[in-house]
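This note's numbering puts the first residue of the sequence shown at 1, with every later residue one more than the last.
Structure, as structure tokens:
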Amino acid sequence: MNGRRLTALGMAALLAGMTVFAAGCEKGSGSEAERAELKESSNELVKSSGETEAADAEGQDDITLRFMWWGSDARHEATLAVIEQYEQLHPNVKIEAEYGGYDGYFEKLTTQVSGGTAADIVQFDASMTRDLMAMGEVFADLNDYSAQLDTSDFDQNFLKSFSYYDGRMVGLPTGVNAGIWLTDTSVLEAAGIKLEDIRTWDDFISAGETIHSKNEEQYLFNIDITTLGKEGVYALMAQITGKELIDQDTNKLNFAEEDLKKVFTVINDFYDKNVAEPAADSAPYDTQVNTNPKWISHDLGCTYTATSNVTGNYYDFQDSAAAMDIPQFADAKESGILFRPAQLIGVAANCRYPEEAARFLDYFFNSDEAAAVLKDCRSIPATANGRKICEDNGYLDPVLAEAVEKAQESATANQNLSVPAEIIEILQDATEKIAYKQGSIDDITEEAMGLMEEALERIG
């Protein structure tokens, strides 16, 4: 097997060994009162556990580290609180936070990497690993810092499947991430549709037509083209072929033109049959579908996203929320369900203070104090202790826990973590053309196939 390949070979062992309990959770709104409460509780936790450690740090050289991540306001606030905890325990360490939304994050990161200006500690998606490491020795091998960073509380099979590249541990998983079809059942029920009756893609499309026919302001599917052209295509193609998009040994496409046409036909039906809101109307909320006014007004029935994205005030219909089973083709070979790390966090290979960066990650992942503040802001925690703290204190959103449980039961083995960015861009461009009716399905499919084959031949 190609040593550069990121795989999910440890999936079965992870699914057998992990148990996630659905516990009640009061979703935070990010209000001033909540931020003040978070800061106060964070300070108390640090004060009670780290006064001696802080004293021991006196007299040490001053160290500055940069930490870059993306996320929601809830994730930002929790992460900033943990940084403050660590700085209180280590007065000689200053951690500069660089954070924002996901849009443009990968482009910003690659620009920084190529220019030698990347942050010392970097959050990145597992799907970015191949492209980033192709640029050189971007991330340090965390195995070299085992004296500062304990990784024993992670599921080791999960680490083997997702944290390594060419035998190097390039990052640690922030959480266990699953695809979630987050559904407002009240929208379905108002149109006389039962959630359990949606089993196939034909069922899904029929339900969308019914909802819009009964209320022209409403649509079933709240989706953005960026997600649909990547994760949506992955899921649909996995169901058709039971394989990853690209064969990592031959660097060839693992699907035929007729397979891609079948995927694009379903996507076309979303827009052509009013299952999804018109692309021009939803475009302003690309990658931020929870900010769509129709989502907020309960005029959209469901959305597809990753559990790690559902934080803060992502939805406000707790009483009618459910995790829908992903619709299937009648002859599906795999479920198409995402199950992988929420994100990875690594240390830059050129970090000036790698030992201190590793110590911070040890605190971030292993301390009770950090776990109590981070909660599920990066999905279900990836460490056993982090999960236990969330379960014991009721921090886990039961709908997210339900989605993770569904993924545990039948996750897709092929997670498409090694798809080059150029291939993703081609698929997303084709999806956009379909959504805006800029050509026939046959022509768009033929063009996309040709562009991908040319790209793979050029990439080698």
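All C-beta atoms, glycine included, are put in the ideal place defined by N, C-alpha and C.
All of these numbers come straight from a predicted model, not from anything done at the bench.
- Secondary structure note for Arg130: its alpha helix (DSSP H) is the uninterrupted segment 129-133.
- Secondary-structure assignment with DSSP links Pro173 through a beta bridge to Leu344.
- Taking a C-beta distance under 8 angstroms as the contact criterion, Glu355 and Tyr99 do not qualify as a contact pair.
- DSSP, read as helix, strand or coil, puts Asp247 in strand.
- Asp397 is a Cβ neighbour of Val310, given a cutoff of 8 angstroms.
- With respect to the 8 angstroms criterion, Arg130 and Ser308 are not classified as neighbours on the basis of their beta carbons.
- In this structure, the beta-carbon distance from Tyr363 to Tyr86 falls below 8 angstroms.
- For Pro278, the closest C-alpha among the options Val82, Ile225, Thr210 is that of Ile225.
- Remark: three or more beta-carbon pairs, one from each stretch, lie closer than 8 angstroms, so the region 148-155 and the region 379-394 are flagged as touching.
- Taken in chain order, the unbroken stretches of beta strand (DSSP E) that lie wholly in the region 94-153 and span 3 residues or more are 121-124.
- Per the C-alpha coordinates, the member of Ser213, His90, Glu96, Leu89 positioned closest to Leu80 is Glu96.
- DSSP places Ala349 in no alpha helix (DSSP H); its state is neither H nor E.
- Leaving aside the five residues that flank Asn366 on each side, the residues in its chain whose CB is nearer than 8 angstroms to its CB run, in chain order, Asp150, Asp153, Thr383, Asn385.
- The region 247-261 and the region 318-330 do not touch, with fewer than 3 CB-CB distances between them shorter than 8 angstroms.
- For the pair of segments examined, the region 236-243 was found not to touch the region 291-308: the number of CB pairs separated by less than 8 angstroms stays below three.
- Ala126 places its beta carbon less than 8 angstroms from that of Phe162.
- Around the C-beta of Gly460, fewer than 16 other C-beta atoms lie within 10 Å, and the residue is accordingly described as exposed.
- Ranked by Cα distance from Val233, the first of Leu451, Glu457, Glu447, Ile426 is Ile426.
- Considering only Asp184, Tyr271, Gly229, the residue with the shortest C-alpha distance to Val399 is Asp184.
- When the Cα atoms are used, Gly208 and Arg199 turn out to be separated by approximately 13 angstroms.
- As computed with DSSP, Asn222 is found in a beta bridge with Thr303.
- When Arg168, Leu159, Asn143 are compared, the shortest CA-CA separation from Gly136 is found for Arg168.
- Contact check between the region 327-335 and the region 106-116: fewer than three CB pairs, one atom from each, fall below 8 angstroms, which does not count as touching.
- Beyond the five residues adjoining it in sequence on each side, Asp442 comes within less than 8 angstroms, by CB distance, of Lys261 in the same chain, given in chain order.
- From the listed residues Asp120, Gly179, Lys160, Ala118, the smallest Cα separation to Asp325 is found for Gly179.
- Residues Glu355, Ala358, Arg359, Asp362 of the same chain have their beta carbon placed closer than 7 angstroms to that of Gln148, with the five preceding and five following residues left out of the count.
- By the neighbour-count definition (other C-beta atoms within 10 Å, threshold 16), Gln438 is an exposed residue.
- DSSP links Gln328 through a beta bridge to Thr200.
- Considered as a whole, the region 58-89 harbours 73-89 as its complete alpha helix (DSSP H) runs of no fewer than 4 residues, in chain order.
- Between Ile121 and Val275 a beta carbon distance of about 41 angstroms is seen, past the 8 angstroms cut, so the two are scored as non-contacting.
- Looking at the DSSP output, Ala358 bridges to nothing.
- Per the C-alpha coordinates, the member of Leu228, Asn143, Tyr164, Gln328 positioned closest to Met133 is Tyr164.
- DSSP places Thr183 in the strand class (E or B) of the three-state scheme.
- Taking every protein chain shown into account, the CB of Thr174 has 16 or more other CB atoms within 10 angstroms, so this residue is buried.
- Relative to Gln112, the option among Asp392, Cys390, Asn350 whose CA is nearest is Asn350.
- The C-beta distance from Thr445 to Phe264 rounds to 6 angstroms, short enough to fall under 8 angstroms.
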